[in-house]
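Residue numbers (our numbering): 376 to 791.
The beta carbon of each residue, even a glycine, is placed where N, CA and C say it ideally should be.
Just so it is clear, the structure is predicted and the values come from calculations on it, not from any experiment.
Comments concern the structure below.
Spelled out as structure tokens, the structure:
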């Protein structure tokens, strides 16, 4: 039986109001006892006997940990020498053609770099990682094998999903059998990418993807970057197939760029249809100011859950990833002009699987007895403060165990 006692933890208790406006978050200092990976007690001055590890939080804020819901740990420059991406000349096909020669060359270093990414993501507060993993004619299922090996090494610290991802096109590269092999090897989700642009056959591509998911009793996480009404058409096709296959609540659309393009009436109809089949969305919150961001708060309000991911840290697609989800939430808040205590605090749910210390009414709902002990200690005074000022994480706790720790005096927040 493993026990961990967190002393002098700051917990959010309620929102403070002034003239009917939320202007601050009230907090108080507690102790939190964790036993066998779950919260056992939340109280003042907890006293325990026997073998128990004790950590003095020094009045740091306790918040839910992060879930990295979109990353590619299998193909990265992270942990290696600096290299910028090559110029794009054929859109996504530039990268697909590049990968045909690049990925086989990277195989000798793929496991090392994937592990470096996992360690980095843990240090940034993630206790769950969903990695998309290339399956293509050049490398076969070797990336599935490498990714599974690396993630299994850290299974005592994190939970994970592996998406069998036909980056070069399910039909275009003729990899249906390889995807099925990947699922047999331990991939947990069936992936896909832009059926109109890459496969050039929306109906067959989506039907084949759904058929694999049905045969392996698995969910789907499909990249759809397609803009405007063509993307909308792909969404509706996927919604119809989701109903036919009884896959409600098991389908994720990553990127979902079309949601940023549609006029309001079309958007309302599409979002309602997505909510009916419990379809969710993962976004990287793109920082390209020339393109609209998908309407994240609106989607959540209408019943379409949204989560965030980093996609990459540095690879042949992009050099800009940080793995820092607090920074990601900060960018999101700025894009949607969240400046008050309430709206800033609500951003946390997009990175934590929907968990926030206070519910929308300002009642403390986390942590409570029985909750999984996946949590962070952060040098901040409220969730809103952390997001707005990019406060630093000192401690990462997963399954009731400390998996990353740093002295408070060593922390270097960007904008304290």
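Point to revise | residue 620 vs residue 589 beta-carbon contact at 8 Å | key: yes
Review point. What residues in its chain sit with their C-beta under 6 Å from that of residue 654, if we drop five residues either side in the sequence?
Key: 626
Check your understanding: Is it the case that the Cβ atoms of residue 506 and residue 569 are separated by a distance below 8 Å?
Key -> no
Practice item. Let me know the secondary structure DSSP gives residue 780 once reduced to three states. Key: strand
Check your understanding: Is the beta carbon of residue 630 sitting closer than 8 Å to the one on residue 658?
Key -> yes
Review point. Between which two residues does the beta strand (DSSP E) carrying residue 469 extend?
Key: Per DSSP, residue 469 belongs to no beta strand (DSSP E); it is in the alpha helix (DSSP H), 467 to 498.
Point to revise | Nearest-angstrom Cα separation, counted from residue 418 out to residue 728 | key: 25 Å
Review point. CB residue 403 to CB residue 386, shorter than 8 Å?
Key: yes
Review point. The beta strand (DSSP E) spanning residue 505 covers which residue range?
Key: 501 to 509
Check your understanding: Based on the DSSP secondary-structure assignment, which residues constitute the bridge partners of residue 442?
Key -> 503
Review point. Leaving out the 5 sequence neighbours to the left and right, which residues in its chain are closer than 6 Å to residue 573 when beta-carbon positions are compared?
Key: 544 and 547
**Study point:** Under the three-state DSSP convention, the category residue 520 falls into
**Key:** helix
Point to revise | Residues bridged to residue 515 [DSSP beta-bridge criterion] | key: 511
Check your understanding: Are there three or more Cβ pairs, one per stretch, closer than 8 Å when the segment 704 to 717 is compared with the segment 388 to 400?
Key -> yes
**Study point:** Rounded separation between residue 770 and residue 503 - CA only
**Key:** 16 Å
Check your understanding: For residue 423, which three-state DSSP category applies?
Key -> coil
Check your understanding: Straight-line CA distance for residue 409 to residue 415?
Key -> 5 Å
**Study point:** Continuous beta strand (DSSP E) stretch holding residue 623: start and end
**Key:** No beta strand (DSSP E) contains residue 623, which DSSP labels as neither H nor E.
Practice item. Along the beta strand (DSSP E) that carries residue 750, what are the first and last residues, could you check? Key: 750 to 753
Practice item. Check residue 674 in the structure and name its three-state DSSP category. Key: helix
Point to revise | C-beta atoms of residue 633 and residue 594 nearer than 8 Å | key: no
Review point. Between which two residues does the beta strand (DSSP E) containing residue 431 stretch?
Key: 428 to 431
**Study point:** Straight-line Cα distance separating residue 587 from residue 555
**Key:** 7 Å
Check your understanding: Which residue from 679, 430 and 379 puts its Cα closest to that of residue 782?
Key -> 430
Practice item. Provide the residue(s) that pair with residue 416 in DSSP beta bridges, ordered along the chain. Key: 408
Review point. DSSP puts residue 535 in a beta bridge; with which residues?
Key: 504
Review point. Under three-state DSSP, which class holds residue 591?
Key: coil
Practice item. Let me know the secondary structure DSSP gives residue 525 once reduced to three states. Key: helix
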